[in-house]
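Below is one structure, written out as structure tokens; the observations come after it.
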Amino acid sequence: MRGMHQIITYSKYELPKVFIRNGQECFFDPIRKKLILITPEEMVRQQVIQFLIKDMQVPTEYIEVEVPMSYFKKDLKGRADIIVYGEQDNELIPVLILECKANHVPLTENIFNQVIRYDEMIFADMIMVTNGIETIFQAYCESTKLYQTLAITPSYKGLVERQNLQIVQGRMNELWERPSFYGNYSAQVVEEFKDWGWIGEDTPSQSHDFIVNFMGLLQDQRYLLRSQSFNDVNLIEDGGLRYMSYGNAAGGGFTGYYRYFIVEDSEGNHQMVSMSVFATVKTNDDPVFKTRKGIIYLVVAIDDFDKSHNSLQLSIDKYVSIEETKCTIWHDGALTAGKKGAVKKDKVIQFIKQRAPELVSEENQIMLGVLDHSREFKWKHRDVKLFVANLIKYAILRDEFRKEYIYATS
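In the numbering used here, the protein residues as written are 244 to 653.
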């Protein structure tokens, strides 16, 4: 017998907003910060997440969803639905492992055995199993070496103290503030941006102010771009920052904080488009990277459920022209279509010209924006909104071209 279950009214928690991706309904998961297909089990999982946050008072940064067990032990198979953590010496310590099932799935011994098997690897010593109707908490008892059912719902504070940990206050409360703009930025600010991996060692000095200005706009979450339609890009939501890693066709990748937007495309599907700026490390005779310069890229990435990738990797050193009060951002259509390799630029240009002729200049260049960099970039500025909208539109169109090209050449 598993004992009496807890009475938790999950129906009182509002489910996340519904989006459409590839014609299928999705939730936007507040923890994973991505679109997730709606299933009966996912509905329970999302309500449990709200229960953890609102009732148990678990800070969102201490919740992880669909965690591979291989994170804890190499080659271990399976993944935990949800893990709740505490913190000690900047290390996350599991304090609760959860398994969520759909309403119609009974909570059998097999389900408990699976969660206990996971817990034996992460030592949370506290498990929760639910199908959205019944909820059972169990704690490992050292004296009996068994998991015993709890009569009351534990608090996050109790879970943390049970592991002799302390609740860390304000870990994510302070939002980063961009450097103040006084016409240009100090050498100290530039060095900080180099240390953070946002300016390359070989990036020309005339580009420094543009990078600090634009990256400041993306990284400052105090101000969000409001929902609107701009240049045929229907912005549904500016989600702020999320920590992600996106790969490219060469097998490399860029990991860090991206500003992400949820937009609606021409077919009514919702796309998640993320953008950030990254510097490559300068190397000499490196066994992997050989000899390369420390340059900087503007990366625009697109999510597609389980797979995500760079759609545009624009070299700021190459494609941003800086003049006295303005900077022009353009592109030549360079594109790699997966294993098919590089595509002729004129094919990409012609595709863009057919779908978005306003992006193509008379010189057959993709014109992404002209910004007045004599002032701090703000979301209310028309040139800034147009530039970001063009980046989003160009990235989505590049993805459409890739899919059509790969299909046509297969």
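Quick reminder that beta carbons are idealized off the backbone N, C-alpha and C, glycines included. Just so it is clear, the structure is predicted and the values come from calculations on it, not from any experiment.
Nearest-angstrom beta carbon gap, residue j and residue i [assumed within contact, 8 angstroms]
i, j, result
"V591", "G576", "4 angstroms"
"Y253", "Q290", "4 angstroms"
"L578", "R625", "Going by Cβ atoms, the distance from L578 to R625 rounds to 28 angstroms, so no, they are not a contact pair."
"I539", "V520", "6 angstroms"
"P447", "D615", "About 20 angstroms separates the two Cβ atoms, so there is no contact after all."
"P422", "V372", "Not a contact, Cβ separation roughly 49 angstroms."
Whether residue i touches residue j by CB criterion (8 angstroms)
i, j, result
"D481", "F504", "yes"
"Q449", "N491", "no"
"V358", "E342", "yes"
"C269", "L280", "yes"
"R264", "H513", "yes"
"I545", "S554", "yes"
"G440", "G499", "yes"
"L418", "Q464", "yes"
"T568", "S488", "no"
Closest Cα partner of residue i within the set the options
i, options, result
"Y501", "D438, V516, V603 and P273", "V516"
"L339", "Y305, K317, H347 and K316", "Y305"
"G375", "V613, Y637, L541 and I250", "I250"
"H451", "D463, Y466, E435 and R465", "E435"
"V403", "Q381, M369 and S429", "M369"
"F380", "D332, S398, G426 and S470", "S398"
"P337", "M518, L408, F630 and F497", "L408"
"V728", "L335, D332, F457 and K297", "With the chain represented from 244 up to 653, any question about residue 728 goes unanswered, as that position is not in the structure."
"Y425", "F453, Q406, K276 and W622", "F453"
Close-in-space but distant-in-sequence residues of the same chain around residue i (CB under 7 angstroms, 5 per side omitted)
i, result
"N477", "V506 and E507"
"Y361", "M312, G321, A323 and I340"
"W573", "Y562, Q608, I609, M610 and L611"
"M364", "M312, F315, K316 and L319"
"E285", "F270 and I279"
Host alpha helix (DSSP H) of residue i (start-end)
i, result
"L319", "That residue, L319, is in no alpha helix (DSSP H); it is neither H nor E in DSSP."
"D481", "It is not in any alpha helix (DSSP H) - D481 instead sits in the beta strand (DSSP E) that spans V476 to G490."
"R459", "Correcting the residue identity first, residue 459 is Gly in this sequence and not Arg. Element bounds for G459: H451 to Q462."
"L339", "Careful: L339 lies outside any alpha helix (DSSP H), inside the beta strand (DSSP E) at E334 to C343."
Cutoff 6 angstroms; reference residue i; Cβ partners in own chain excluding five residues on either side
i, result
"N346", "N374, G375 and I376"
"M415", "The pLDDT assigned to M415 is 49, lower than 50, so where the model puts this residue is not dependable; a value taken from the coordinates is nonetheless given after this. Excluding residues within five positions, the ones whose Cβ falls inside 6 angstroms are E304."
"E679", "This structure gives no information on residue 679, because the portion of the chain shown stretches from 244 to 653."
"Y256", "Q290 and Q293"
Delimiting residues of the beta strand (DSSP E) encompassing residue i
i, result
"P311", "I306 to P311"
"A522", "H513 to A522"
"G401", "Looking at the DSSP string, G401 is not in any beta strand (DSSP E); the run it does join, the alpha helix (DSSP H), is Y399 to R405."
"R641", "Segment R625 to A651 is the alpha helix (DSSP H) holding R641; no beta strand (DSSP E) there."
"K277", "K277 to L280"
"Q300", "Element bounds for Q300: n/a, residue is neither H nor E."
Spatial neighbours of residue i in its chain, beta-carbon cut-off 8 angstroms, leaving aside the 5 residues before and after
i, result
"I649", "A580, G581 and K583"
"L629", "F473, N474 and G612"
"K388", "none"
Residue i at chain C interface by Cβ criterion, 8 angstroms
i, result
"I292", "Absence of chain C from the displayed structure is noted, only one protein chain being present."
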